[in-house]
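Following: one structure in structure tokens, then a few remarks.
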Amino acid sequence: MFVLQVPNYVGTRMTWPNRSISLYEKIFMIIIIGCGIVGGCISTYSAIVDIVEPESFRPPCYVNITAASMVN
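All letters in the sequence shown, in the order written, are residues 25 to 96 by the numbering used here.
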């Protein structure tokens, strides 16, 4: 996001070089940012579902001696 905003502030500081970002670079960066946001949302949803589902509330095998003894 910072790279997209730098050309907007060129006039405020004379020490910054004049830069421009082409349209295809802007589109590419927006697609990458969008993929990151979608991936983060999907992974968060998946983690919450795995935490809340009923199978996650079983005791582990090292607590349940009967289940641990059946494992070969």
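A virtual CB, placed ideally from N, CA and C, is assigned to each residue, including glycine.
Helix, strand or coil for V87 per DSSP? coil
Hey, could you find the ends of the alpha helix (DSSP H) I55 is sitting in? 47-76
Whole-angstrom C-beta distance between S80 and D74, which should lie under 8 angstroms: 6 angstroms
C-alpha distance - I57 paired with P78, whole-angstrom precision: 34 angstroms
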